[in-house]
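Chains as they are written, first to last, in our numbering: chain Z, 1 to 347; chain L, 348 to 694; chain Y, 695 to 1041.
All C-beta atoms in this analysis are idealised placements derived from N, C-alpha and C, irrespective of residue type, glycine included.
As the structure is a computational prediction, the values presented were derived from the model and not from experiment.
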Amino acid sequence: MGDTATGDPRKKLALAELAQRFGLELRGDGDVLIRGVATLAAAGAGQIAFLANPKYRNQLAESKAAAVIVRAEDADAATTPVLIAHDPYSAFAKISALFETRETYPAGIHPSAAMAADALVDPSAHIGPFVTIGARSRVEAGAVIGPGCVIGEDCIVGTDCELIARVTLVTRVRLGRGVRIHPGAVLGAAGFGLAMDAGRWLNVPQLGGVAVGDDCEIGANTTIDRGALDDTVLEEDVRLDNQIQIGHNVRVGAHTAMAGCVAVAGSARIGRYCLIGGAAGIVGHIELCDKVTVTAMTLVTHSIREPGEYSSGTPMMENRQWRRSAARFRQLDALARKVNGQDKENS
Amino acid sequence: MGDTATGDPRKKLALAELAQRFGLELRGDGDVLIRGVATLAAAGAGQIAFLANPKYRNQLAESKAAAVIVRAEDADAATTPVLIAHDPYSAFAKISALFETRETYPAGIHPSAAMAADALVDPSAHIGPFVTIGARSRVEAGAVIGPGCVIGEDCIVGTDCELIARVTLVTRVRLGRGVRIHPGAVLGAAGFGLAMDAGRWLNVPQLGGVAVGDDCEIGANTTIDRGALDDTVLEEDVRLDNQIQIGHNVRVGAHTAMAGCVAVAGSARIGRYCLIGGAAGIVGHIELCDKVTVTAMTLVTHSIREPGEYSSGTPMMENRQWRRSAARFRQLDALARKVNGQDKENS
Amino acid sequence: MGDTATGDPRKKLALAELAQRFGLELRGDGDVLIRGVATLAAAGAGQIAFLANPKYRNQLAESKAAAVIVRAEDADAATTPVLIAHDPYSAFAKISALFETRETYPAGIHPSAAMAADALVDPSAHIGPFVTIGARSRVEAGAVIGPGCVIGEDCIVGTDCELIARVTLVTRVRLGRGVRIHPGAVLGAAGFGLAMDAGRWLNVPQLGGVAVGDDCEIGANTTIDRGALDDTVLEEDVRLDNQIQIGHNVRVGAHTAMAGCVAVAGSARIGRYCLIGGAAGIVGHIELCDKVTVTAMTLVTHSIREPGEYSSGTPMMENRQWRRSAARFRQLDALARKVNGQDKENS
C-alpha cells in the first residue's frame, strides 16, 4: 500500500509532541520524527508501532519501528524510544488518526442524483452520483451520501453522517449526528411480520421506523428492519459490524458492540455496553441487561439479568472424536438416568 | 413517527364497521371511531390495539387504547370496547392494513433507466431511477421496480411484483405475480459449483435459472442462486426474511417461512408449511417433508420424514459453567463407556 | 429454461470428439451428436448427463440422455454410449462449458458512468451503466464492470476481472487477473477496529487494503474488510460463496474454498486447500494449516496444526428428546464427577 496505507507522507511529528498531545509518558529520544504507523513486524524508519496483545510481545525486540507504544511493564523490552500508555491500543488509535488520509467530498448535489421535489438537502452536504432521495426526506449539514445510495420517504440523515456507498434507507429512518454506514446496509425495510390466515400468509403492516442515535456505526450488508408499530432503536454509539440482522422493534442500548453476522430477532431488548460475539443469535422478545458479553456463535434463548459472559455450543474436535461425543449427546438423558439410578442403588 | 406511523390520519372507521367487515364479535360501544393502530402500551385516543402474546396480558387493564382486539377468554380483562377474534394477530393485520399509508409510484420509465433494446416493459409498470434491464427481459403490468435495481438477461418480473430498491436479478430469474423483494437481495447469481482439476478449481457452468411462485416475499440482502442445470424453485407464498442464503437447485415448498440468516445448501428440498428458525442451516441434497419446524440455529444434517419440531445445539449458560460442560463433552464417549462398563460389572 | 438453459442450440459435437478433446475413454457410438447438458433425470435427445454422486446411480438405467459420463465401475449400468472419466464431475464441467451461452459486453464506458478525472480504464474494458470509479483507480484490459458497481479510491481491477453488478470496492482494493465478483459483494470497507476510551468507542483507522489473487471468486453479498495496517489477503484461486464475512487482516491461502455464510474474524490465517463448510465460524488471531476441512456450522476456536476434518455442535434431534439431552448438558460436569467418583469408590 506504500505511503497511502501509512498515511500522509508529508506529515511528520516529533515523538515528544505525540507524548504531550495524548498525555503519554515518553522514554528515549523525543526528537524522533514519526510520519506513519505500522505493525511491530512491518514497521520501518519513521513509523510508530504498538504492543497490546501479549501474543506479539516477542516481536518487540526485533521491531524496526522508530518508536513503540507499550504498557509500562513492557517498556524495558523495547529497543526503541517508547510512549507508555495505560491502553496502548486506544493511544495508537488516536495517533493513527493523525496520519489517516481521508478523501474529502465537495458540498453539493451530483447532477445525476434523483431528488424528490420536497426533499431537503443542506447546502454543505455532499450527494454523490446515482443517489435517490425520496419524498419528505432531509439531509443535514456536512453529511456525505456516497454513490448509489437510496434514501426513501420520510427519512432524516443527521449532521455529519456518512453513508459510504450503496446504502439504502427504505422509509422512516432517522439517523442522529455522525452516524457512519457502510456499503450494502439496508435500514428500514419492512419487518418480517406474518400472520397465517386460512392457509396463506398475511403481511402485518410495518408502520414504525428506525431511530439511530448519534455516533453509531453500521457495517457493510447489515440489515435493520423498521418497527411494526413502534420504532426499532439503536441508542448512541452502538457499533455493528458487517452482515448483522436486527429484527423489527429491537432496541440496542448505548455503546453496545456486535461482531459480524449476529442475528437479533424481533422485539429483543439489549442493554448498554454489551459485547455480542460473531454469529451469535438472540431470540425475540427477551431482554439482556447492561454489560452482558455473549461469546461467538452462542444462541441466547432467554433473558439475561446479570452482567457477565454467556456461551453455548460445544468445543471443536477432530471429526471422528466429535462423532463419538455427538452420538453420546443423543443418549445423554438415558446415561444420566443410569448414573443417577446407580447412585441410588449404590447408596 | 406521529401520524405517518399510525396510518392515514384522515381515515376514520367506526368499531362496529370493523367488526362487520372482518366478521368479529363486538362488545361495547360500536360507535367508537378508530383512526389508527398501536401497541397496548403506546395506544391513545382513536387507536385500536391487540393482545396475542399472553406475556403482555397485564397491559390490557392499563391500556389507553380506544378499543382492543382479543381472544374471547381475554375479553373480560379489557376496560375498553373489544373486538373478539379467534386469532387477534391476524385480525389486527387486516385492520392495520386499512390504515397503512403506501407510497404510490407513477407508471412509466424513469429517463435515467438503462434498457436493453429488446427488454419489454408494460406501460402500467413503474421503472425507477438508475434501473438497468437486460436483453430479453420482461416486466409485466403494475410491477414496481425501485431505484438502482439491476435486472439482467432473460428475466420475467410478473404482474404486480414490487422490487423495492437495489434488487438484482442476475439471469434467468422468473417471478410470479405479486412477489415482493427487499433491497440488496440477489437472485440468479451463479451457484457455487466447483470441481477440483489438477490442483485448481474449475467452475461448473450454472445453466439453470430461478423460478419464484406467486406471492413470495424475499428479504433484504437475501441471496438465491440459480440452478446448475435445472432451476432453483420457490413455490407460491414462500416467505424469506433477511440475509437468507439459498443454494443452487434448492426447492422450497409453498407457504414455508424462514427467519433471518438461514442457510440452505444446494439441492436441498424443503416441504410445504415448514417454519425454519433464524440462522438455522440445512445441508445439501436432503429432504424435509411438509410441516417441519426447525428451531433457531439448528443444523439439519439429514432428511426429515415426519412433521414435527427439530433442534440441535446446547443451552446458553454462564461462561464458566459452560466451559466445564464443554470440557466434559469432549470426554463424553469415555464417560459413557465407563458408565456402561460399570453397568455390566454391576449386573 | 428451454434452449438457453441447455446452452447454444446451434452447437453440436460428436461424442467421439468430446472423448478426444478431454482424454476420456469412449464406449459405444461415437457419432452421437451432443448439443447440450442435463441431469440424468431431465436429459433428453442430444443431451449428455453425468453420474458422480452414487445416490443417483439408480437413475442411470432409466435416463433418456444421449450419452453419460461415468466412472469405469459404473459403465456397465448405463444403457447409452458412455464417456469414462476418473472424475465425472470435472469432465462434465469442462464439457458443459462448451455449451454455455455467455453474454458478451462491448468495450467502452457507458455514458452514464461517473469517472474520476484520474481514473484509468483500458479501452478493451467494459464499464456498465451507473458505475462510479474513484480517484487514482485503474481498470485493466478485458475487465467487465457491470451496472451499479462502485469502485472507490486507489483500487486496481486486473485483466479479465468480472464484477457482475452492484459490487463495491471501497478503497485500496487490488484484484489480480480473472477475479469474478458477484452482486452485492463489498470489498475494502473499514474493518471493525474499536478501542474503548473513556466510556465511548474510538475508531481505529483502517489504513490497509485488500489484495485478491488471480482467479479468485467472491460470492453475492460477501464482505471482505480492508486491513488495519497491513492488507487483508486472498491468495490465488480462493473461492468464496455468498454472504461470507472476512474480517480485517485475514489471510486465506490459495485454492481454499468456503461455503455460504462463513464468518472469519480479524487476523485469522487460513492455509491452502482448506474446505470450510457453510456457516462455520473462525475466531480471530488463529491459524489453520493447509488442507483443513471444517464441517458446517462448526466454530473454530483455536489454531489447527494438523490437516484433517474438524467439527463442533450437536446432532439434530426431535425437539422433545433434544430438550432432555440439552438439560443434561447443563449438568454434565456434575454427572462426570459422579461417575468418576463412583469409579474411585468402586476401585
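Where Ala615/L sits in the DSSP three-state scheme: coil
Residues bridged to Asn550/L (per DSSP): Leu541/L
Against chain L: residues of the region 187–200 of chain Z by CB proximity under 8 Å: Ala189, Ala190, Phe192, Gly193, Leu194, Ala195, Met196, Asp197, Gly199 and Arg200
Contact belief for Gly538/L with Gly613/L at Cβ below 8 Å, rounded distance in angstroms: 6 Å
Sequence-distant residues of its chain with Cβ nearer than 8 Å to Lys330/L (five each side left out): The shown model of chain L, from 348 to 694, leaves out residue 330/L, and the question about it has no answer.
Residue interval of the alpha helix (DSSP H) (run including Ser311/Z): No alpha helix (DSSP H) contains Ser311/Z, which is instead part of the beta strand (DSSP E) from Gly308 to Ser311.
Nearest-angstrom beta carbon gap, Gly556/L and Arg521/L [assumed within contact, 8 Å]: 7 Å
Interface residues of the region 451–481 of chain L facing chain Y [CB-CB below 8 Å]: Ser459, Ala461, Phe477, Thr479 and Gly481
Chain L contact for Leu1026/Y (CB, 8 Å cutoff): yes
Amino acids of chain Y, ordered along the chain, whose beta-carbon sits closer than 8 Å to that of Gly531/L: Gly878 and Asn915
Test item: CB-CB of Ala254/Z and Ile218/Z under 8 Å: no
Own chain residues within Cβ distance below 8 Å of Arg900/Y, not counting five before or after: Reading off the sequence, residue 900/Y comes out as Gln, not Arg. Excluding positions up to five away in sequence, the list reads Ala884, Gly885, Gly887, Asp919, Arg920, Gly921, Ala922 and His942.
Identified DSSP bridge partners for Thr479/L: Ala461/L and Val497/L
Residue-level contact to chain L via CB, Pro147/Z, 8 Å cutoff: no
Cut-off 6 Å between Cβ atoms - residues of its own chain near Leu299/Z, not counting five sequence neighbours on either side: Gly281 and Ser312
Residues that Gln243/Z contacts on chain Y, provided the C-beta gap is smaller than 7 Å: Thr917, Gln937 and Gln939
Those residues which DSSP pairs with Thr518/L across a bridge: Glu500/L
CB contact below 8 Å: Ala265/Z versus chain L: yes
C-beta neighbour in chain Z for Ala361/L, strict 8 Å: no
Environment of Asn693/L [buried if 16+ CB atoms lie within 10 Å]: For Asn693/L, the pLDDT reaches just 49, beneath the cut-off of 50, and the residue's location in the model is therefore unreliable, leaving the point undetermined.
Whole-angstrom distance between Arg21/Z and Gln97/Z, CA atom to CA atom: The sequence shown places Ala at residue 97/Z, not Gln. Those two C-alpha atoms are separated by around 13 Å.
Ala67/Z - containing beta strand (DSSP E), residue span: Ala67 to Val70
Closer than 8 Å to chain L by CB, Ser347/Z: Bear in mind that a pLDDT of 45 at Ser347/Z, under 50, signals an unreliable position, so the model cannot answer this.
Run of the alpha helix (DSSP H) containing Glu364/L, from where it starts to where it stops: Leu362 to Phe369
Glu17/Z to Ile528/L span [Cα, whole Å]: 55 Å
Thr579/L beta carbon near the ligand NAP (any heavy atom closer than 7 Å): Ligands displayed in this structure: none; no statement on the ligand NAP is therefore possible.
Assumed close pair Asn53/Z, Thr917/Y - CB separation to whole angstroms, cut-off 8 Å: In fact, because the Cβ distance is near 24 Å, the residues do not count as touching under 8 Å.
Beta-carbon proximity of Val262/Z to Gly278/Z, cut-off 8 Å: yes
Validate contact between the region 122–129 of chain Z and the region 145–162 of chain Z using beta carbons, cut 8 Å, 3 pairs: yes
Own chain residues within Cβ distance below 8 Å of Leu549/L, not counting five before or after: Leu541, Ala542 and Met543
Min CB distance Pro899/Y to chain Z below 8 Å: yes
Cα-Cα separation, Gln590/L to Ala419/L: 38 Å
Residue range of the unbroken alpha helix (DSSP H) whose run includes Ile789/Y: Pro782 to Leu792
Reduced DSSP secondary structure (H/G/I, E/B, other) of Glu834/Y: coil
8 Å Cβ cutoff, Asp984/Y in contact with chain L: no
Residues from the region 269–286 of chain Z in contact with chain L, defined by Cβ distance under 8 Å: Ala279, Gly281, Val283 and His285
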